[in-house]
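> Encoded as structure tokens, here's the structure I'll be asking about.
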Amino acid sequence: MAATTIHPDKDALLQRVPTGLYIAGEWRAATGGRTLGVEDPATGETLAEIADATPEDAVAALDAACAVQEQWAQHPPRERGEILRRAFEELIDRSEELSLLMTLEMGKPLSEARGEIAYAAEYFRWFSEEAVRIDGRYATAPDGRSRLLVMKQPVGPCLLITPWNFPMAMGTRKIGPAIAAGCTMVMKPAKQTPLSTFALADILERAGLPAGVLNVIASSSASSIITPLITDARMRKVSFTGSTEIGRLLVKQGAEQLLRSSMELGGNAPFVVFEDADLDKAVEGAMLAKMRNGGEACTAANRFFVHDSVADEFTKRLAERMGDLKVGHGAADGTQVGPLIDGTERAKVAALVDDARERGAEVLTGGAPVDGPGYFYAPTVLRSVPLGARVLEEEIFGPVAPVQTFTDEDDVVARANATEYGLVAYVFTRDLDRALRVGAHLETGMLGINQGIVSNPAAPFGGVKHSGFGREGGREGIDEYLATKYFAIANG
Ligand code: NAP
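Heads up: the sequence shown runs through residues 4 to 495, numbered per this note's numbering.
Put into structure tokens, the structure is as follows:
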């Protein structure tokens with residue numbers, strides 16, 4: 004493991020980051036003054052104590068959002084866009100410091116944190132441009148007796164809930180379109196990584212976002228603050244990114260209010276390498292699809308299907324690349340893989356690998372936690388993983404690549420689809436006809452063809468089946484925050 008160098012800017016940075024609840028444009032303590040510790044997963048050290056919101060604080064945040072909803076909806080679209088544009092610029096200007104903050108609380112290597120800041124900022128730039136393109140239509144009714152006017156309005160106060168794995172990008176992907184559309188928000192980041200969201204709220208305030216439009220609360224008990232919000236008749240939408248289990252629960256809770264919902268949930272991505280694939284590209288793509296964020300990504304390749312004729316070569320090269328990765332504190336020089344987010348997640352990954360090994364899988368590299376402080380797990384490649392192994396069925400969320408082989412196209416499509424999830428798939432082949440044919444039959448919301456990354460602010464991100472519904476980014480992203488209204492106008 005790489006030696007840990009404490010970053011010189013760390014302490015000064017942590018002193019500057021807000022740690023309160025952000026409600027109605029003010030940073031406040033939680034009711035009763037409770038706090039909650041935020042930990043560095045690479046060392047176990049407490050980085051900050053943040054306000055631990057109560058249900059009363061949650062309702063105060065919604066009160067603040069409701070109080071300014073009407074006014075915010077009237078705010079000129081150009082000005083809403085300009086706020087996002089200024090925030091985009093500040094994110095880029097302060098990339099180094101924000102990357103370090105994210106690395107400290109989440110664990111990812113600094114190089115990846117920098118990539119995430121750029122990706123996150125792009126959502127603000129994209130939606131700054133979308134803010135002025137919200138339109139409707141005008142038509143004459145088919146019977147000629149009236150005119151039809153269709154317009155789009157902000158849906159109203161939104162509840163935004165984000166996970167810990169991409170603390171900044173999952174935030175901007177929701178906040179960006181909500182601001183552009185004219186919605187107010189209560190946002191709840193994951194308790195492990197709230198500091199990035201607090202920094203984002205601070206940036207938006209300085210970019211000119213009026214008080215009350217965005218309210219941010221974190222809590223040691225997510226359900227206690229989310230339940231009163233999601234069941235409140237004033238809330239008009241929930242946008243959630245996280246596990247399928249919690250997504251399902253939130254849809255049930257919101258059903259009483261028939262709450263509009265967007266659900267970006269778990270994945271179990273197949274990564275298919277055909278016999279004619281460019282193996283250099285396939286290995287490169289596999290490293291990206293598997294190891295982005297140390298495997299803690301909903302888009303992570305979970306199941307590798309490699310054609311029998313190239314499986315030995317592909318697996319050998321993948322194991323070499325995985326075995327060479329430098330594991331360490333994300334802020335240390337040269338680190339390529341950071342820790343997992345916490346001990347529970349590491350234990351889950353270890354249990355999946357142990358189960359596969361007990362069922363006869365061969366471990367080509369890794370296969371064990373890394374000794375020392377922090378929640379590290381060695382990058383792992385498994386071969387000959389038998390059907391029924393849990394690692395093929397559950398979302399791994401860690402640096403583990405199980406490889407299986409195939410010989411027949413229809414068979415591999417059926418095996419790739421044999422999962423409750425349908426977020427993303429990857430296909431490597433030089434035959435474009437085959438890629439398109441296979442892609443049409445894969446049950447997925449997104450497909451990477453000869454590339455191991457699909458995320459792009461200009462594209463609609465989202466899944467099918469138990470990976471959820473709704474899309475973030477692209478031209479579709481803003482629609483999730485708009486309601487359609489139609490006027491029937493009598494001919495005069
Ligand atoms: P999680 O446990 O579902 O948590 C996600 C968010 O929900 C966190 O803010 C969490 O708060 C909150 N939460 C937890 N229990 C809740 C409850 N009972 N009521 C209301 N909110 C609750 O997921 P995670 O472990 O953070 O993230 C990993 C999962 O997210 C994976 O399944 C991954 O695939 C998925 N993900 C999906 C996408 C996508 O776009 N499809 C992107 C990234 C991640 P606390 O953490 O504070 O408890």
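Positions of the beta carbon are idealized from the N, C-alpha and C atoms, including for glycine.
(1) Below 6 Å CB to CB, which residues in the same chain sit around LYS177 once its five sequence neighbours on both sides are set aside?
(2) Name the one or two DSSP bridge partners that LEU16 has.
(3) Run the proximity test for PHE409: is its beta-carbon closer than 8 Å to any non-hydrogen atom belonging to the ligand SAH?
(4) Compute the beta-carbon to beta-carbon distance between GLN467 and VAL403, rounded to the nearest angstrom, for a pair I have assumed lies under 8 Å.
(5) Within 10 angstroms of its Cβ, does SER227 collect 16 or more other Cβ (buried), or is it exposed?
(6) Under the assumption that LEU485 contacts PRO157 (Cβ atoms under 8 Å), give the Cβ distance between them as a whole number of angstroms.
(7) Just list the residues that DSSP pairs ASN218 with in beta bridges.
(8) Quick one: give me the first and last residue of the alpha helix (DSSP H) that ALA322 is part of.
(9) Which complete beta strand (DSSP E) runs does the stretch 28–73 hold, if anything under 3 residues is left out?
(10) If you follow the alpha helix (DSSP H) that TYR126 is part of, which residue opens it and which one closes it?
(11) When we look at the beta-carbon of LEU253 and count the other beta-carbons within 10 Å, is it buried (16 or more) or exposed?
(12) Measure from the alpha carbon of ALA63 to the alpha carbon of each residue in MET188, GLY110, LYS255, then state which is nearest.
(13) Leaving aside the five residues before and after ASP138 along the sequence, list all residues of the same chain whose C-beta is less than 8 Å from its C-beta, in chain order.
(14) Any chance the CB of LYS293 is under 8 Å from a heavy atom of the ligand NAP?
(15) Can you tell me whether ARG440 is buried or exposed, with buried defined as 16 or more other CB within 10 angstroms of its CB?
(16) State yes or no: is the C-beta of ASN168 nearer than 8 Å to some heavy atom of the ligand NAP?
(17) Is the beta carbon of GLU299 sitting closer than 9 Å to the one on LEU328?
(18) Are LEU107 and LEU24 closer than 9 Å when you measure CB to CB?
(19) For the stretch 147–195, list the beta strand (DSSP E) runs that are entirely contained and at least 3 residues long, ordered along the chain.
(20) Can you tell me whether LEU390 is helix, strand or coil according to DSSP?
(21) What does the alpha-carbon distance come out to for the pair GLY473 and SER264?
(22) Is there contact here, the stretch 371–380 with the stretch 137–152, by at least three beta-carbon pairs under 8 Å?
(23) Compute the Euclidean distance between the alpha carbons of GLN74 and CYS161, then round it to the nearest angstrom.
(24) Where do the ends of the alpha helix (DSSP H) carrying ARG238 lie?
(25) When every heavy atom of the ligand NAP is checked, does at least one fall within less than 8 Å of the C-beta of GLY194?
(26) Within its chain, find whatever has a CB closer than 7 Å to the CB of SER470; leave out the 5 residues flanking it on each side and keep chain order.
(27) Taking C-alpha atoms, which residue in ARG433, GLY84, ALA142 lies nearest to ALA491?
(28) With 16 other CB atoms within 10 Å as the buried threshold, where does LEU65 fall?
(29) Can you pull the DSSP bridge partners for PRO273?
(30) Measure the CB-CB distance between GLY211 and ARG320 and report whether it falls below 9 Å.
(31) Quick check on TYR126: buried or exposed, where buried means 16 or more other Cβ atoms within 10 Å of its Cβ?
(32) Flag this pair as yes or no: are the beta carbons of ALA33 and GLY215 separated by less than 9 Å?
Here's the rundown:
(1) LEU163, SER242
(2) Partner(s): none; LEU16 has no beta bridge.
(3) Of the ligands one can find in the structure shown, namely the ligand NAP, none is the ligand SAH.
(4) Position check: residue 467 holds Val in this sequence, whereas Gln was assumed. Their Cβ separation, rounded to whole angstroms, is 25 Å, which puts VAL467 and VAL403 out of contact at 8 Å.
(5) exposed
(6) About 7 Å separates the two Cβ atoms, so the contact holds.
(7) VAL189
(8) 314–327
(9) 29–31, 38–42, 49–54
(10) 113–133
(11) buried
(12) MET188
(13) LYS155
(14) no
(15) Sixteen is the threshold: since fewer than 16 other Cβ atoms of the shown chains lie within 10 Å of the Cβ of ARG440, the residue is exposed.
(16) yes
(17) If you check the CB distance, GLU299 and LEU328 do not come in under 9 Å.
(18) no
(19) 149–157, 161–164, 188–191
(20) coil
(21) Rounded to whole angstroms, GLY473 to SER264 spans 8 Å at the Cα level.
(22) Cβ pair count under 8 Å is below three, so no.
(23) 15 Å
(24) Checking the sequence, you will find Met at residue 238 rather than Arg. Run containing MET238: none; DSSP gives neither H nor E here.
(25) Reading off the sequence, residue 194 comes out as Lys, not Gly. Answer for LYS194: yes, Cβ within range of the ligand NAP.
(26) Residues LEU268, GLY269, GLY270, TYR424, GLY425, LEU426, GLY448 of the same chain have their beta carbon placed closer than 7 Å to that of SER470, with the five preceding and five following residues left out of the count.
(27) When each option's Cα is compared against that of ALA491, the closest is ALA142.
(28) buried
(29) In DSSP, PRO273 forms a bridge with ARG306.
(30) no
(31) buried
(32) no
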